[in-house]
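Asker:
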Amino acid sequence: KKYDINICGVASGVSEALDLIEKYMPNIVISDISMPEMNGLDLLEIVNRTYPNIKVILISGYRDFEYAQRAVTNNAFCYLTKPLVAETLISKVLEAKQEIDAKLKEVKLNDNIRRKLRENIMVLKDNFFRMLMEGRIRQKTEIMERATTTELNMDYSNFIVCVAEFELAASQKKLNMYDFSFYKAAIMSTIEEHLEDIYKCYTFNLDNRIGILVCSNQQIQRNILINKLNNVKSWVNKNMGFSLSAGVGNTCGSVEKLTLSYISAVDSMLYRVILGKNIVVDAEQKISASKERMAVDDFDNILRNSEEDMVFALRNLNSAEIKNIIDQIMQASKQIVSNDVKQKERIAFLLSVFIIRVMYSLEMSNHRFYNKENDLYNSLNELISIDDMKNFLMGIIKEMIQTIEELDSKQNNFLVNKGLRYIKEGVYEDVSLVTIAERLQIHPNYLSKIFKQVTEESFTEHVIRYKMNEAKKLLKTTNAKVYEISDKLGYKDVAHFTKLFKKHFGISPTEYRQLL
Numbered sequence: 011k012k013y014d015i016n017i018c019g020v021a022s023g024v025s026e027a028l029d030l031i032e033k034y035m036p037n038i039v040i041s042d043i044s045m046p047e048m049n050g051l052d053l054l055e056i057v058n059r060t061y062p063n064i065k066v067i068l069i070s071g072y073r074d075f076e077y078a079q080r081a082v083t084n085n086a087f088c089y090l091t092k093p094l095v096a097e098t099l100i101s102k103v104l105e106a107k108q109e110i111d112a113k114l115k116e117v118k119l120n121d122n123i124r125r126k127l128r129e130n131i132m133v134l135k136d137n138f139f140r141m142l143m144e145g146r147i148r149q150k151t152e153i154m155e156r157a158t159t160t161e162l163n164m165d166y167s168n169f170i171v172c173v174a175e176f177e178l179a180a181s182q183k184k185l186n187m188y189d190f191s192f193y194k195a196a197i198m199s200t201i202e203e204h205l206e207d208i209y210k211c212y213t214f215n216l217d218n219r220i221g222i223l224v225c226s227n228q229q230i231q232r233n234i235l236i237n238k239l240n241n242v243k244s245w246v247n248k249n250m251g252f253s254l255s256a257g258v259g260n261t262c263g264s265v266e267k268l269t270l271s272y273i274s275a276v277d278s279m280l281y282r283v284i285l286g287k288n289i290v291v292d293a294e295q296k297i298s299a300s301k302e303r304m305a306v307d308d309f310d311n312i313l314r315n316s317e318e319d320m321v322f323a324l325r326n327l328n329s330a331e332i333k334n335i336i337d338q339i340m341q342a343s344k345q346i347v348s349n350d351v352k353q354k355e356r357i358a359f360l361l362s363v364f365i366i367r368v369m370y371s372l373e374m375s376n377h378r379f380y381n382k383e384n385d386l387y388n389s390l391n392e393l394i395s396i397d398d399m400k401n402f403l404m405g406i407i408k409e410m411i412q413t414i415e416e417l418d419s420k421q422n423n424f425l426v427n428k429g430l431r432y433i434k435e436g437v438y439e440d441v442s443l444v445t446i447a448e449r450l451q452i453h454p455n456y457l458s459k460i461f462k463q464v465t466e467e468s469f470t471e472h473v474i475r476y477k478m479n480e481a482k483k484l485l486k487t488t489n490a491k492v493y494e495i496s497d498k499l500g501y502k503d504v505a506h507f508t509k510l511f512k513k514h515f516g517i518s519p520t521e522y523r524q525l526l
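Heads up: the sequence shown runs through residues 11 to 526, numbered per this note's numbering.
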């Protein structure tokens, strides 16, 4: 007890010793070589083979080299010869204990690191997928780099995004946060189990919903995918008592356009209003209330086909493409009205639905963009001509572009301000564009671009200027030598440091200190 060591058993022979070892799994075994049946070396061989982590201390009355050699060969912790004083044995036991404690500490640390890494990876994956679906990551190089860092393989040629949501029956009690997360995780796991025998599948969190990314280098068979999701729905109905609805987005052929598949999946979930809960809805099907298909004319088809392109163009602030889409839509409107002037009212309705769906996809409040006294449909229907409608829509879209630019600007300012803080905190470290971009979880090229936009100087220029001002401060307030200040600020080459200092202040560090 004095040494925080417990004796768990004493054996009179090898057989009894092995029984006790199996029962108690001790950390240390002390054995005399001379024992009945088998000797201590035989015990050592068995322990080394079966329980390699146990430290075995052998005691012998012989100074025989062969005995010692066998002990070493079988990884004995030490080989002690008689006569033996207690202090020597205690010393060796404490040495063994120290090694065991260090190993246990290392194992525990590694387990904690692995656990935290697993937790962090899951959070990073969810963040990555959310940003990807929302169109906040647009460049393929950045998408692939982020995928690699989160242990995801996105090197496929066909993708479909699905969105799922489970709902309790009216008779069921509302779930607390823990139970909700538990059931959600179980459903996500079930989805992956059902889909991964045919396609690569990733599930991720989307607030109360579940995101599903289906990937393949072959054509994704939508009917098979929908059947699989219906099987998941049936499993959830039977085993959890919940209803499960899912929207299956459009197929896309590149990771850059995953947001469009996501938008179509979310949009298809809206049809639950018509079709009810507990259903899998395919975005590529045309649905109607009477036949579970929605009857659409050519103009409606044009709007639906243009919707994804408009969202994509707005996200990328592509003014030319936006104008082209509006021109095509309004040209089709003119053709319809020229055949039947009474269709103007229907066009106003379909255009209002088109704009609202685009706003919904961009997560914008539609009230901001037109007179609150009237709804969008009435505002359009009150206009006399198709050209008036076009001008009205272009006005709304112009404000939408301004909103997107404002949001981008706020996001850029936020990121750059965080970057400036990291530069300040790391003034005595090797601060680089890559290290700061990694901390901000954005691509270095993007950081370089927005840094220049916000601060009107390059990242490198700012870091050098900040470090030179810090050098000036150290020269004034400390007695540190120039080479020490250079090294402290991360410049190993004193000549280079001196050159930068002189470029900024017109004099060398030594000359500056002499003027103080």
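For glycine and all other residues, C-beta sits at the position ideal for the given N, C-alpha and C.
Would you list the one or two residues that DSSP bridges to K65?
Answerer: Per DSSP, I38.
Asker: Taking just the CA atoms, how far does F461 sit from S496?
Answerer: Rounded to whole angstroms, S496 to F461 spans 26 Å at the Cα level.
Asker: Closer than 7 Å by C-beta to G251: which residues in its own chain qualify, once you throw out the five before and the five after it? Chain order, please.
Answerer: If we look at G251 and ignore the five residues flanking it on each side, its Cβ neighbours are A179 and Q182.
Asker: If you run the structure through DSSP and keep just helix, strand and coil, what is S300?
Answerer: Model confidence at S300 stands at a pLDDT of 32, short of 50, so the residue's coordinates are unreliable; what they give is reported in the following sentence. If DSSP states are grouped into helix, strand and coil, S300 belongs with coil.
Asker: Could you tell me whether the region 28–41 touches the region 54–73, where touching means 3 or more Cβ pairs closer than 8 Å?
Answerer: Flag = yes, the region 28–41 and the region 54–73 touch.
Asker: Rounded to the nearest angstrom, what separates T508 and V441 at their Cα positions?
Answerer: For T508 and V441, the distance between alpha carbons rounds to 19 Å.
Asker: For a minimum of 3 consecutive residues, which ranges assigned as the beta strand (DSSP E) are wholly contained in the region 82–145?
Answerer: Listed in chain order, the complete beta strand (DSSP E) runs (minimum 3 residues) inside the region 82–145 are 88–91.
Asker: Taking Cβ to Cβ, would you say I411 is nearer than 8 Å to L327?
Answerer: Yes; because the gap between Cβ atoms is below 8 Å, this pair is in contact.
Asker: Under 8 Å between the Cβ atoms of A275 and C172?
Answerer: Cβ distance < 8 Å, so A275 and C172 count as in contact.
Asker: Rounded to the nearest angstrom, what separates E573 and L324 at their Cα positions?
Answerer: As displayed, the chain neither begins before 11 nor continues past 526, which places residue 573 out of reach and without an answer.
Asker: Between A293 and G263, how many whole angstroms is the CB-CB distance? I'm expecting something under 8 Å.
Answerer: Going by Cβ atoms, the distance from A293 to G263 rounds to 16 Å, so no, they are not a contact pair.
Asker: Please classify V117: is it buried, with 16 or more other beta-carbons within 10 angstroms of its beta-carbon, or exposed?
Answerer: The residue is exposed, with fewer than 16 neighbouring Cβ atoms inside 10 Å.
Asker: Using 8 Å for Cβ pairs, my map puts F359 next to L313. What's the rounded Cβ distance?
Answerer: F359 to L313, Cβ: 11 Å. No contact.
Asker: Would DSSP call N227 helix, strand or coil?
Answerer: Correct three-state label for N227: coil.
Asker: On the DSSP bridge list, what partners appear for V290?
Answerer: DSSP, once it has assigned bridges, lists A256 as partnering V290.
Asker: Just the Cα atoms here: how many angstroms apart are K434 and Y476?
Answerer: Going by the C-alpha atoms only, they are around 8 Å apart.
Asker: Using the Cβ count rule (16 or more neighbours within 10 Å means buried), how would you classify G71?
Answerer: Classification for G71: exposed.
Asker: Does DSSP classify E175 as helix, strand or coil?
Answerer: Of the three classes helix, strand and coil, the one that applies to E175 here is strand, per DSSP.
Asker: Note down the Cα distance separating K102 from P454, rounded to an integer number of angstroms.
Answerer: Roughly 55 Å separates the two Cα atoms.
Asker: Touching or not, the region 215–235 and the region 138–156, by the rule of three or more beta carbon pairs under 8 Å?
Answerer: These segments touch.
Asker: With 16 other CB atoms within 10 Å as the buried threshold, where does T113 fall?
Answerer: This sequence places Lys at residue 113; Thr is not what is there. Exposed.
Asker: Tell me the rounded alpha-carbon separation between F176 and L254.
Answerer: One C-alpha to the other measures close to 4 Å.
Asker: By alpha-carbon positions, which one of Y188, V224 and L185 ends up nearest to E202?
Answerer: Of the listed residues, the one whose Cα sits closest to E202 is V224.
Asker: Output the distance between the C-alpha atoms of E161 and L90, rounded to the nearest integer angstrom.
Answerer: Going by the C-alpha atoms only, they are around 51 Å apart.
Asker: Of the choices L235, I289, K267 and M369, whose alpha-carbon is the least far from that of S244?
Answerer: Of the candidates L235, I289, K267 and M369, the one whose C-alpha sits nearest the C-alpha of S244 is I289.
Asker: With a 10 Å radius around its C-beta and 16 neighbouring C-beta atoms as the bar for buried, classify K513 as buried or exposed.
Answerer: Exposed, by the Cβ-count rule.
Asker: Buried or exposed for I220, please, with buried defined as at least 16 other CB atoms from any protein chain shown within 10 angstroms of its CB.
Answerer: So I220 ends up on the buried side.
Asker: Which same chain residues, not among the five before or five after G429, have their C-beta less than 7 Å away from its C-beta?
Answerer: Contacts found: I446, L450, L457 and F461.
Asker: With a CB to CB cut of under 7 Å and the five nearest residues on each side skipped, what residues in its chain are close to M404?
Answerer: Same-chain partners within the cutoff: I336.
Asker: Is the beta carbon of M48 less than 8 Å from the beta carbon of V66?
Answerer: For M48 and V66, no; Cβs fall outside 8 Å.
Asker: Under the three-state reduction of DSSP, which class applies to Y212: helix, strand or coil?
Answerer: Y212 falls in the strand class under three-state DSSP.
Asker: Tell me T261's beta-bridge partners as DSSP assigns them.
Answerer: According to DSSP, which records beta bridges pairwise, T261 is partnered with I170.
Asker: Return helix, strand or coil for G536, following the three-state DSSP convention.
Answerer: This structure gives no information on residue 536, because the portion of the chain shown stretches from 11 to 526.
Asker: Which of the three DSSP states, helix, strand or coil, is assigned to Y522?
Answerer: Correct three-state label for Y522: helix.
Asker: Measuring CA to CA, which of I69, P46, K12 and L525 is closest to V39?
Answerer: That would be I69, whose Cα lies nearest to the Cα of V39.
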